[in-house]
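Residues in the sequence shown are numbered from 1103 upward in steps of one, following this note's numbering. Positions of the beta carbon are idealized from the N, C-alpha and C atoms, including for glycine. Read the structure below first, then the notes.
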Amino acid sequence: TLLDIARAAAASLVLFALAGYAPARLLLPRALRPHLALFVLPVGATVSALALTVLGLARLPLEASLALLLAAGAVGAVLCWERPHLEGAIWPGLIAVGVFCMLVSPLLPDYSFATVLGQNGDAHLATGAAELLQHEPPGGVNESLPIDRMPGAWGSKYPIYYVLAATSTLSGLDPVQAFPTLVAVTSALAAIGFFLLALHVLGAGTGAALLAMGLVALDRIVVLLAVHVLGSGTGAALFAMGLVALDRIVIRLAVDPFYNQLWALFALPFVLVVGWRFVREPTRGGAVLLAAFLALAAFAYPLLAPFPLLFLAVAAWRERPKIALPRSAIAWVAVALLAVPAAALSIEAGEKLWGAFKAALPGGDLDPWTGTALGFHPLAHFVGLPDEVDFLAVAVLAIAAYGLLRVPRPVAVPYGVL
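Written out as structure tokens, the structure reads:
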């Protein structure tokens, strides 16, 4: 199992590093360049997902697409190489490694093996979709495979399944074996994204940003892993549980697992960081990175799209920048080449959004979106309290309202809306 984890991790990291170094080096805005080392792998994950999809839509076999992408990435890295500055990346990198190790720990005992964790049937469908893309282009049908065609509701999600297919191909593992390790890598990159969000958008200091990064990654499931898998004492496990401020975020999506939502969560903080920087300091490189991260988030999970778009709209309105459109012929050629595949995936994503909009209208049918297991949670659930003490939720809201009256208006208004 350890060898399988190492093979899948090495495959994904090589893919992301080669695909991401040159774009990150050339496109990052000046204010984000001190953290270039933290952007390389996330940018590579996004670029590889979108590039493999474009090449797949062009009917290139996956092996040929991978060879072309890796070769182009290697050449680009050589041409724009500079000595890396790792000073600001060491501690976030160590936390990311800790997140990765935590998530692969269930695979390590002697009785375990590399396979899909949790009981979510979507994850098994995801591995089948990746196997399909190893043999067929987008829209292809192959009845000899476990999944003979991409499910209709997943028509926009090809990019994230191409990453799994590529990791499986490079590592020589079955997609089922590569899946848990790729999920762990993606989760670690998502945690890095929240570190950068706290640092660059929320204005936190490095220590507070590291704390935020760790809290977002933690979950109540950490306690179970600590006690039953890692062999920690109960005191250490309770200490870990006491640190948890957010629930059902990175670890929950990885362990259940919710592959589609995990990729959306990975992209979200980078959309906010790059978008925030773009509306304050518009650059062509920033526009390309923002479009890439936003496209990945929207294609992976279309219902996410309205939220970062609302954030960017408010930020742009407040800053009121003069955003310069690309004028060079090369830029317009690149836009034209990406327009067709982006439009094809956007249609699929738009259908999902339209269905959600109709379901949310008065008299709409929510059954296809919820199933029979979900109901409306008590108010306590939404303010971080156990459902059994629902009566205390009113007290929490009263304290919050009192606090909002005592803070400056620029702080009170956004928190009040939230």
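query                                                                                                          : result
Start and end residues, alpha helix (DSSP H) containing proline 1208                                           : No alpha helix (DSSP H) contains proline 1208, which DSSP labels as neither H nor E.
Proximity below 7 Å, CB of phenylalanine 1395 to CB of threonine 1155                                          : no
For aspartate 1106 and leucine 1291, the rounded distance between their alpha carbons                          : 20 Å
Leucine 1304 versus leucine 1374: straight-line alpha-carbon distance, rounded                                 : 10 Å
With 16 other Cβ atoms within 10 Å as the buried cut-off, status of threonine 1269                             : buried
Whole alpha helix (DSSP H) elements within the region 1234 to 1316, 4-residue minimum                          : 1260 to 1273, 1277 to 1302
For glutamine 1221, three-class secondary structure by DSSP                                                    : coil
Within-7 Å CB hit, phenylalanine 1141 to chain C                                                               : Looking for chain C here will not work: only one protein chain is present.
Element boundaries [alpha helix (DSSP H), containing glutamate 1184]                                           : Element bounds for glutamate 1184: n/a, residue is neither H nor E.
Serine 1114 - DSSP class collapsed to helix/strand/coil                                                        : helix
Beta-carbon spacing of leucine 1355, glutamine 1363 below 7 Å                                                  : yes
Status (buried if at least 16 other CB within 10 Å, exposed otherwise) for proline 1208                        : buried
Contact between the region 1280 to 1296 and the region 1186 to 1199 (3+ Cβ pairs under 8 Å)                    : yes
Coarse secondary structure for arginine 1161, derived from DSSP in three states                                : coil
For phenylalanine 1202 and tyrosine 1504, the rounded distance between their alpha carbons                     : 40 Å
Straight-line gap, alanine 1529 to serine 1246 (C-alpha atoms, nearest Å)                                      : The first residue shown for the chain is 1103 and the last is 1520, placing residue 1529 beyond what the model contains.
Backbone secondary structure at leucine 1506 - three-state DSSP                                                : helix
Residue environment, glutamine 1279, which counts as buried when at least 16 other CB atoms sit within 10 Å    : buried
Stretch-stretch touch, CB-based, cutoff 8 Å, three pairs: the region 1402 to 1414 with the region 1249 to 1264 : yes
Same chain, Cβ closer than 7 Å to phenylalanine 1380, neighbours up to 5 away in sequence not counted          : Gly1388, Ala1389, Leu1392
Span of the alpha helix (DSSP H), counted from its first residue to its last, around leucine 1355              : 1352 to 1357
Neighbour-count burial assignment, glycine 1295, 16 or more Cβ in a 10 Å radius                                : buried
Simplified DSSP assignment, three categories, for proline 1480                                                 : coil
Identity of the residue in Ala1310, Ala1153, Leu1115, Thr1217 nearest valine 1357 by Cα                        : Thr1217
Three-state class that DSSP yields for leucine 1524 in the structure shown                                     : It is not possible to answer for residue 1524, since the shown part of the chain is limited to 1103 through 1520.
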